[in-house]
Amino acid sequence: MPEFPYSRLRRWPDVEAENLQAHDATDRLLVDRAVALAAERKIDGAQIAVIGDEYGAITLALTDAGFPGIRVHQDLATGRRALARNAEELGVEGFVSHELDGGLLADARLVLLQLPKALAELEEIADAVARCAAPDAVLVAGGRVKHMTLAQNEVIGRSFAVVQPQRAERKSRLIVASEPREAPERPPFPVTAMHDGLTIVAHGGAFAGPRLDIGTRVLLEVLGLGGDAGSSSPRAENGTAPRGPVAADGGSRTVLDLGCGTGALAVSYARAHSDARVIATDRSAAAVASARATVEANGVADRVEVTHDDAASEVADASVDVVLLNPPFHLGTSVHTGAATRLFEASARVLRPGGELFTVFNSSLGYRAELGRLVGPTEQLHRTPKFTVTRSIRRP
Ligand SMILES: C[S@@+](CC[C@H](N)C(=O)[O-])C[C@H]1O[C@@H](n2cnc3c(N)ncnc32)[C@H](O)[C@@H]1O
Numbered sequence: 029m030p031e032f033p034y035s036r037l038r039r040w041p042d043v044e045a046e047n048l049q050a051h052d053a054t055d056r057l058l059v060d061r062a063v064a065l066a067a068e069r070k071i072d073g074a075q076i077a078v079i080g081d082e083y084g085a086i087t088l089a090l091t092d093a094g095f096p097g098i099r100v101h102q103d104l105a106t107g108r109r110a111l112a113r114n115a116e117e118l119g120v121e122g123f124v125s126h127e128l129d130g131g132l133l134a135d136a137r138l139v140l141l142q143l144p145k146a147l148a149e150l151e152e153i154a155d156a157v158a159r160c161a162a163p164d165a166v167l168v169a170g171g172r173v174k175h176m177t178l179a180q181n182e183v184i185g186r187s188f189a190v191v192q193p194q195r196a197e198r199k200s201r202l203i204v205a206s207e208p209r210e211a212p213e214r215p216p217f218p219v220t221a222m223h224d225g226l227t228i229v230a231h232g233g234a235f236a237g238p239r240l241d242i243g244t245r246v247l248l249e250v251l252g253l254g255g256d257a258g259s260s261s262p263r264a265e266n267g268t269a270p271r272g273p274v275a276a277d278g279g280s281r282t283v284l285d286l287g288c289g290t291g292a293l294a295v296s297y298a299r300a301h302s303d304a305r306v307i308a309t310d311r312s313a314a315a316v317a318s319a320r321a322t323v324e325a326n327g328v329a330d331r332v333e334v335t336h337d338d339a340a341s342e343v344a345d346a347s348v349d350v351v352l353l354n355p356p357f358h359l360g361t362s363v364h365t366g367a368a369t370r371l372f373e374a375s376a377r378v379l380r381p382g383g384e385l386f387t388v389f390n391s392s393l394g395y396r397a398e399l400g401r402l403v404g405p406t407e408q409l410h411r412t413p414k415f416t417v418t419r420s421i422r423r424p
């Protein structure tokens, strides 16, 4: 059989660059091991589940190799779109996408996992596999050696009696886990925490977990939404609060929490402004599930809509009065800072002329000039050595 054309896979709509590929050595190791295990244990495609398949390499290569019916879960909206597009381009069909739930895992005998970065996310996944998959299920988890830690073995070991790290190959390593343990009565996630009257609910993969991120806290305070967000705050009266222009039709203000994580900004805003229509959106399914649960827990489900989307692509141009943004923070390559730039561009697109973007970022990042260029006049509302909060007014 000809080799699967991995090099034809694309990352789009995720950031693309010459040095970034849509597959890695771990994908190939997982695929090769899956083919061997499936033959050895007589496992068919419908008994295989794939979790964390970034751009579809694992699902598509296995489907192409004669395993129809594979179930796949991807956290990111961008990954889901890339998989769909790659499948169409390569003419591969016959797999089914799922959320991280019983539908993904019921009766699965082989679960392939690209290891997530966060241990909490791994813990939630390992528990779900042990809880929902077949009693003889094998979990094969893989990652780049430089990102792997012994703590990952320990976390997997809470859900599987046998955990066997394999020899590294091409700078990647697989961990094979078998003999699922009996799952505790309650899953370990989501978890809940209270912060001055605000309840935050978090799944394992959500940014900052059930904590209130320090940057988020600073933004809430500057907006007059800190502390008990339901009460009016002196800051809200002094001009820094995001009143925004009156909606064009004279109706209620539309506010967008862009990259909402667990939904702390959206929910705090909705609690303090009962007349506002709030949209909270994130590209991570774990964030979306967390934000929906946070919205419910704070009793604002009638005013906050939560969507799984990439850079608010489903929000109409010039339809929003206020954007609240704590962008992804990455040190390192220009490709990584591109993630924040995408959200600045999205803000410029969805804001009405005169609409306001409130952003918090690490003071070392100097985003102010970029915000000025992409969105409009940008003033600094607050600055500490660590964080800067700005307000940008969408230029007409
Ligand atoms: C620093 S966290 C902030 C989360 C939340 N707003 C808070 O303040 O706690 C950034 C969030 O942006 C999300 N994100 C990154 N790129 C995105 C994109 N292209 N579209 C939507 N969300 C994105 C991440 O998944 C993450 O939840």
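Be aware that the sequence shown starts at 29, since it is given in our numbering, and climbs by one per residue.
C-beta: ideal position from N, C-alpha, C; glycine also.
How would you label residue 47, buried or exposed, when you count the other beta carbons within 10 angstroms and need 16 or more for buried? Residue 47 counts as exposed, since fewer than 16 other beta carbons sit within 10 angstroms of its beta carbon.
Below 6 Å, is the gap between the Cβ of residue 164 and the nearest heavy atom of ligand 1? Relative to ligand 1, residue 164 has its C-beta separated by 6 Å or more from all heavy atoms.
Three Cβ pairs or more, each shorter than 8 Å: is that satisfied between the segment 346 to 353 and the segment 313 to 329? Not touching, per the Cβ criterion.
Measuring only from the beta carbon, is residue 144 closer than 6 Å to any heavy atom that is part of ligand 1? It does not: the Cβ of residue 144 is nowhere closer than 6 Å to a heavy atom of ligand 1.
Name the one or two DSSP bridge partners that residue 286 has. By DSSP's assignment, residue 286 forms a beta bridge with 309 and 353.
Give me whichever residues DSSP pairs with residue 175 in a beta bridge. BP columns for residue 175 are empty, so no partner.
Run the CB neighbour count on residue 292, radius 10 Å, all protein chains shown included, and call it buried at 16 or more, exposed below. Buried, because 16 or more other Cβ atoms sit within 10 Å of the Cβ of residue 292.
Distance check for residue 367 and residue 360, CA to CA, integer angstroms please. For residue 360, the pLDDT reaches just 42, beneath the cut-off of 50, and the residue's location in the model is therefore unreliable, leaving the point undetermined.
Exposed or buried, what is residue 401 when buried is set at 16 or more other beta-carbons lying within 10 Å of its beta-carbon? The residue in question, residue 401, is exposed, as its Cβ has fewer than 16 Cβ neighbours within 10 Å.
In terms of residue numbering, what span does the alpha helix (DSSP H) encompassing residue 57 cover? Taken as a continuous stretch (DSSP letters only), the alpha helix (DSSP H) holding residue 57 covers 53 to 69.
Residue closest to residue 169, alpha-carbon to alpha-carbon, out of 159, 145, 163 and 380: Looking at the Cα atoms, 145 is the closest of the given residues.
By alpha-carbon positions, which one of 386, 222 and 213 ends up nearest to residue 287? Nearest C-alpha to residue 287: 386.
Separation of residue 392 from residue 167, as counted between CA atoms: Roughly 41 Å between the two C-alpha positions.
Beta-carbon spacing of residue 297, residue 316 below 7 Å: Their beta carbons are not under 7 Å apart, which means residue 297 does not touch residue 316 by this criterion.
Need the endpoints of the beta strand (DSSP E) that residue 203 sits in, please. Segment 200 to 208, the beta strand (DSSP E) holding residue 203.
Report the three-state DSSP secondary structure of residue 328 (helix, strand or coil). Here residue 328 sits in coil by DSSP.
Cut-off 8 Å between Cβ atoms - residues of its own chain near residue 390, not counting five sequence neighbours on either side: So the qualifying residues of the chain are 243, 357, 414, 415 and 416.
Would you report the Cα separation of residue 424 and residue 281, rounded to the nearest angstrom? Cα-Cα distance, rounded: 18 Å.
Going by Cα to Cα distance, which pick from 155, 419, 239 and 61 is closest to residue 183? Among 155, 419, 239 and 61, the Cα nearest to that of residue 183 is on 155.
Compute the minimum distance between the beta carbon of residue 293 and the heavy atoms of ligand 1, and state whether it is under 6 Å. At least one heavy atom of ligand 1 lies closer than 6 Å to the C-beta of residue 293.
Express the C-alpha separation of residue 66 and residue 96 in angstroms, rounding to a whole number. Cα-Cα distance, rounded: 13 Å.
Residue 110 beta carbon less than 7 Å from that of residue 39: It is a contact, given that the beta carbons lie within the stated cut-off.
Residue 318, DSSP secondary structure in three states: Helix at residue 318.
Just to check, is the beta-carbon of residue 288 closer than 6 Å to a non-hydrogen atom of ligand 1? Yes, Cβ of residue 288 sits closer than 6 Å to a heavy atom of ligand 1.
Using the Cα positions of residue 56 and residue 43, report the straight-line distance between them to the nearest angstrom. Computed Cα separation, rounded: 22 Å.
Assuming contact is defined by CB atoms lying nearer than 7 Å, are residue 378 and residue 343 in contact in what I supplied? Going by C-beta atoms, residue 378 is nearer than 7 Å to residue 343.
Just curious, the alpha helix (DSSP H) that residue 244 is in, first and last residue? Start and end: 242 to 250.
Is the beta carbon of residue 354 within less than 6 Å of some heavy atom of ligand 1? Using a cutoff of 6 Å, the CB of residue 354 counts as near ligand 1, since one of the ligand's heavy atoms is closer than that.
CA nearest to the CA of residue 222, picked from 290, 106, 141 and 175: Among 290, 106, 141 and 175, the Cα nearest to that of residue 222 is on 290.
Under 7 Å, do residue 99 and residue 126 count as touching if we go by C-beta distance? The Cβ atoms of residue 99 and residue 126 sit closer than 7 Å to each other.
Just verifying my parser: in three-state terms, what is the DSSP assignment at residue 47? In the structure shown, the three-state DSSP call for residue 47 is coil.
State yes or no: is the C-beta of residue 312 nearer than 6 Å to some heavy atom of ligand 1? Answer for residue 312: yes, Cβ within range of ligand 1.
Examine ligand 1 and report whether any of its heavy atoms sits within less than 6 Å of the Cβ of residue 308. If you check the C-beta of residue 308 against ligand 1, you find no heavy atom less than 6 Å away.
Within 10 angstroms of the Cβ of residue 164, are there 16 or more other Cβ atoms? Answer buried if so, exposed if not. It counts as exposed.
Residue 397 - containing beta strand (DSSP E), residue span: Annotation for residue 397: no beta strand (DSSP E) segment contains it, though the alpha helix (DSSP H) segment containing it runs 396 to 402.
Closer than 7 Å by C-beta to residue 267: which residues in its own chain qualify, once you throw out the five before and the five after it? Chain order, please. Any reading at residue 267 must be qualified, since the residue scores a pLDDT of 49, below 50, and its modelled position is unreliable; no value is offered.
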